[in-house]
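Residue numbers (our numbering), protein chains in the order written: chain A, 937 to 1242; chain B, 2 to 302; chain C, 5 to 432. C-beta: ideal position from N, C-alpha, C; glycine also. Some notes on the structure that comes next.
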Amino acid sequence: MAVSAPAPAGARRPRLQTLLGEQPIGYLFVAPFVIFLIAIYAYPFFYSIYMSFYDYFFAAPGAVVDRPFVGLANYTRAVQDPLFHIALRNVVIFLLINVPVTVVVAMVLATALNAAIPLRSFFRAAYYVPYVTASVAAVSIWLWLFGGPGLVNKVSGPLAPNPTWLVNAFWVMPIIALYVTWKGLGLYILLYLAALQNIAKELYEAASVDGAGRIRSFLVVTVPGLRPATLLVVITSVITGANLFTEPYLLTGGGGPDNQSVSPVFLLYRQGIEQNHPGYAAAMGLLLVLGVLIVSAINRFVLERE
Amino acid sequence: MATVTATEPTVAARPEPAQTPEQGEHGWLRWVRLIPLFIGALVFILPFYYMVVSALQKDPNPNISGAFPNPNKLSLDNLVNINNAISLPRTLLNSGLFTGGVLLATLVFGVLAGYALAQLHFRGRQVVFYTMILLLVMPFQLLIIPLYVLIARNFGLADTLLGMILPFAINPTAVFIFRQFFLQLPKDMFEAARIDGASELTILTRVVLPLTRPAILTALLITFIGPWNEFLWPFLITKKLSLQPLAVALANFISTSAQRGPNPYGAILAGATVLAVPVIILFLIFQRRFVESSIGSAVKG
Amino acid sequence: MRSIHWASLGGALALILALAGCGGSSQTSSQAASAKGPIQVWYSNNPEEVKWGEAMVAGWNKDHPQDQVTGQQIPAGKSSEEVIGAGITAGTTPCLIFNTSPASVPQFQKQGGLVPLSDFSGANAYIDSRTGSRAGQYKSPDGKYYQMPWKTNPVMIFYNKDVFQKAGLDVSNPPLKTYDQFLTTSQAAVAKGGVRAAIWPAPSSEFYQPWFDFYPLFIAQTKGKQLVENKQPQFDSSDGIAVANFWRQMYAGNLAPKEPAQGDAFATGQAAMAIVGPWAIAQYTGKVNWGVVPVPTKNGMDPAQIHTFSDQKSVGMYSSCKNRGTAWDFLKFTTSSANDGQLLELTGQMPMRTDLPGTYGSYFQSHPEYKLFADQASRTVEVPNVPNSVEMWQDFRAAYSKSVIFGNQSVDQSFKAASDQIKTLVSQ
């Protein structure tokens, strides 16, 4: 851990500063994090890059096995794999539903829950509950709600689709997106609640002096004030979407119906762990990571420019 | 945002911070406006309610009426079964050690890294930031076997608490949260402190941390749930019953009683209830503190 | 800007090199083969098997103070294969796992994770004499045993007598022999028996699900064929297509639901029938008034001729094992006639041993409900021991799901495509 560091030398050493930046003590602060990343994650990460160029499989230590170099074959296979296409399409469907709903609903609810309303603790806990409920239970509850004789079909009556929601090729992804939004919303409300504490009350007073109503002050003060939190929420949502796994694994019984709810990570799990083709899994995983990095960079550019 | 905030570097003390200007309304109107919140809360709580009710039912009832059981038919059988099958005190202690270790490391190292990434200028900052995002994106399923080989074989940490904690020791999500919140603080505040000759560590511990207590609580509540509910990794790294956390023991219990036992469905939900209740209690305790913190009072004090 | 980047990259590379350097130190197999000493074993975590496992370990340790055995539980479920796979890669597997799925054996073998049992002197003779002619299915393509066939749960059809009674069906001799009878009976059960489904196999897409819908009926219909024989897929045949079309009718007529059940559909009275092995008896007894019949065939068959899926679990010896001499002795100890008998007694699962009714006569006298299973256990068929076995079942499941469960394609078309795909897969 970083001990009380020598006071930063300020402007004394301009040459070192141009080399290292204004506050080189930053290195000391990030050092444990960087060492952790290297010690724990660098090896598995570079190992996956390595595997992605081989017809790789995991073998016992000391076993003599043949794992030929295949160049870009794993990548070209991924690009052409119709299942991988479905998986990527599913991520897009997921994000189109999950991100806007999460941002809007979480922001509005956090604002509401930040006000001095009765039963505030109760409400905050209520929205937080799904987030802490273990997936295996949350999933079985949704199966119950959206099953053939379930509550949702009872309510929707003749409007219920056939086959029913979670085995319907069209509805399965929207339902998964709603499930994940529902399960994670409590977390995002918390993030926004925390961010709201940092918005100065004077800004609201100033807006009100300018004659802004409640909605207008929400739009001109709250929304811009929450921008760093929004970046956090959007990027976290994108990452959640790209990492969808539990839902096709548990909620739709292995990417069903008919592989219409497979996700990239689910395919990766199937190929890499169940079928022991980690080379191909690594190629899919790295393509996915590349995609998310690009999307995150765009998000950051849009949401963090000043 | 930054420009506006910069004009208000010191925020005045307020008893109840950051309330949107909705306070002074008439009583009944306030309650009417709660109706949508009530409906929303219902949607979020109903499944949880269903889980608890089903966990308390002796006979499984998969129909809708199962949600509104006859109170006479409720029993603690499922919970008693769990308590007989696994040692709750021991597994809870293990969960506490595992989660506590993760939280401690995340908090100490995460705050440092988040602060550096948000407020300190040094070369390579962007690289660290994107490495962090990269790590957030990497699917755990891709890394798990090499990671297991590394920790079990190369580090020789199989069947140890440390081996259990290590892959989660610093949560990049938490670092990201800290960074975003430290970013929100007014720049002038740092400049002023630096001119006063305060070291960065002093600024961090004396100025920044008290101001961002909600963010830290949030990060804790978010980090908490990962190790608390994590099943595969602790199970992989240790087969010793004496080291198993609650989530692992429950998953084992579920996998055996889902095949047999009088009420497999109830057993699953009872297990999930046992796992969720401590978290909800902690949340209820923490979210009070969450409200009390404020920029104003912290700056003054 | 770059400094951290390169430092981390350099550090990571150094670490990788260091790690690569310390790989691959393993004992030669000839030394290990006869070595004696303490060993570790894993068994399933269900209470009955734990009880048996603990009894075995205690029984052995009493007589072998030098070569102590330590037993541990692993989950019997989705994650057990992952745990074993990771353990093989890291060299942390125990000596014996009393819960090795035959479908995973080709993969574990390819990973270099399994010890060929045939290398122990007398092993082939031991396995062949214990298990009889069925043992041949457990040999790997190189002619060696990498697994000891251990216990089977032959899959049959359970039916709910009360539901059948209510539907006006013959309770003691239900019409379930042919596909037509099965369909008519199913319709009657759903129409008048007060159940939502006639039978409820899991309609989900996990690779192992065909073992509990398509495969048992396919084995019965073909009089004992495996899904793939001599590298040739067998399911794209008139028999295979007949089985698939039978299930397709079940799904189309909503006699088998397309969505997963909540809990065990048979035990909770949601389904009139179940397709499962004898381990489930413990779960059904006291809740369902059940009867059991062999799986149906197209035109009906003498029950004494019907084969079914074994749902067998093997014991594997893993290459990380140092004291293989002790491991082999312990394996023989646990599969002795007496200890097999104890397994039967404690778990109700059938040891992979010839002439069960003759060997354990008194057990079956006091447990008549298990008798049919003991008889059926002598006619079981395993999953084929072929490369890429899990991937093959996954591809088959995809084709089946598309054409049979959801009816989005004809069975002929999808089986033809899957057959071509699987042919290339298993010849790799």
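query	result
Residue-level contact to chain C via CB, residue 1196 of chain A, 7 Å cutoff	no
Per-residue DSSP class, three states only, for residue 153 of chain C	strand
Option in C:111, C:132, C:50 with minimal Cα separation from residue 356 of chain C	C:132
Nearest-angstrom beta carbon gap, residue 119 of chain B and residue 184 of chain B [assumed within contact, 8 Å]	5 Å
Straight-line gap, residue 161 of chain C to residue 269 of chain B (C-alpha atoms, nearest Å)	27 Å
Chain B residues whose Cβ lies nearer than 9 Å to that of residue 87 of chain C	233, 236, 237, 240
contact_flag[the region 1176-1187 of chain A, the region 1195-1212 of chain A] where n(CB pairs < 8 Å) is 3 or more	yes
CB of residue 182 of chain B within 7 Å of CB of residue 216 of chain B, strictly	yes
Given residue 358 of chain C as reference, the closest of C:103, C:137, C:51 once Cα atoms are compared	C:137
Neighbourhood of residue 1059 of chain A by C-beta, 7 Å cutoff - its chain only, sequence neighbours within 5 removed	1049
Inter-residue spacing [alpha-carbon to alpha-carbon] between residue 282 of chain B and residue 1115 of chain A	24 Å
Within chain A, the residues that residue 45 of chain B reaches when beta carbons sit closer than 9 Å	1062, 1063, 1064, 1065, 1066, 1118, 1121, 1122
Assigned exposure category for residue 27 of chain C - 16 Cβ within 10 Å defines buried	For residue 27 of chain C, the predicted structure reports a pLDDT of 40, less than 50, and the residue's modelled location is therefore unreliable. A value from the coordinates is still provided. Residue 27 of chain C is exposed by the Cβ-count criterion.
Short Cβ contact (7 Å threshold) for residue 221 of chain C with residue 192 of chain C	no
Option in B:241, B:218, B:47 with minimal Cα separation from residue 286 of chain B	B:218
Entirely enclosed alpha helix (DSSP H) segments - the region 183-221 of chain C, minimum 4 residues	183-196
Beta-carbon gap between residue 273 of chain B and residue 1070 of chain A smaller than 7 Å	yes
Whole-angstrom distance between residue 147 of chain B and residue 983 of chain A, CA atom to CA atom	7 Å
Under 7 Å by beta carbon: chain C residues contacting residue 153 of chain B	94, 96
Endpoints, the beta strand (DSSP E) within which residue 318 of chain C is located	317-321
Buried versus exposed, by CB contacts within 10 Å (16 or more), residue 233 of chain C	exposed
Interface positions of the region 394-423 of chain C facing chain A (Cβ-Cβ less than 9 Å), listed along the chain	394, 395, 398, 401, 402, 405, 406, 409, 410, 412
Anticipated Cβ contact below 8 Å, residue 1081 of chain A with residue 263 of chain C, distance rounded	Residue 1081 of chain A to residue 263 of chain C, Cβ: 12 Å. No contact.
Residues of the region 201-226 of chain C whose Cβ lies closer than 9 Å to any Cβ of chain A, in chain order	206, 207, 208, 209, 210, 211, 213
Residue 58 of chain C to residue 66 of chain C span [Cα, whole Å]	12 Å
Distance, residue 219 of chain C Cα to residue 267 of chain C Cα	23 Å
Backbone CA spacing between residue 129 of chain B and residue 79 of chain C [nearest angstrom]	39 Å
Burial state of residue 1237 of chain A, where buried means 16 or more other Cβ atoms lie within 10 Å	exposed
Neighbour-count burial assignment, residue 253 of chain B, 16 or more Cβ in a 10 Å radius	buried
Proximity to residue 1076 of chain A [Cα-Cα], best of C:305, C:265, C:316	C:265
Strand pairing of residue 312 of chain C, partner residues [DSSP]	C:384
Which of helix, strand or coil DSSP assigns to residue 296 of chain C	strand
Test: residue 1095 of chain A CB closer than 7 Å to a CB of chain C	no
Buried versus exposed call for residue 1034 of chain A [16 or more other C-beta atoms within 10 Å across all chains shown]	buried
Burial state of residue 25 of chain C, where buried means 16 or more other Cβ atoms lie within 10 Å	Residue placement at residue 25 of chain C is flagged as unreliable, the pLDDT there being 38, under the threshold of 50; a coordinate-derived value is accordingly withheld.
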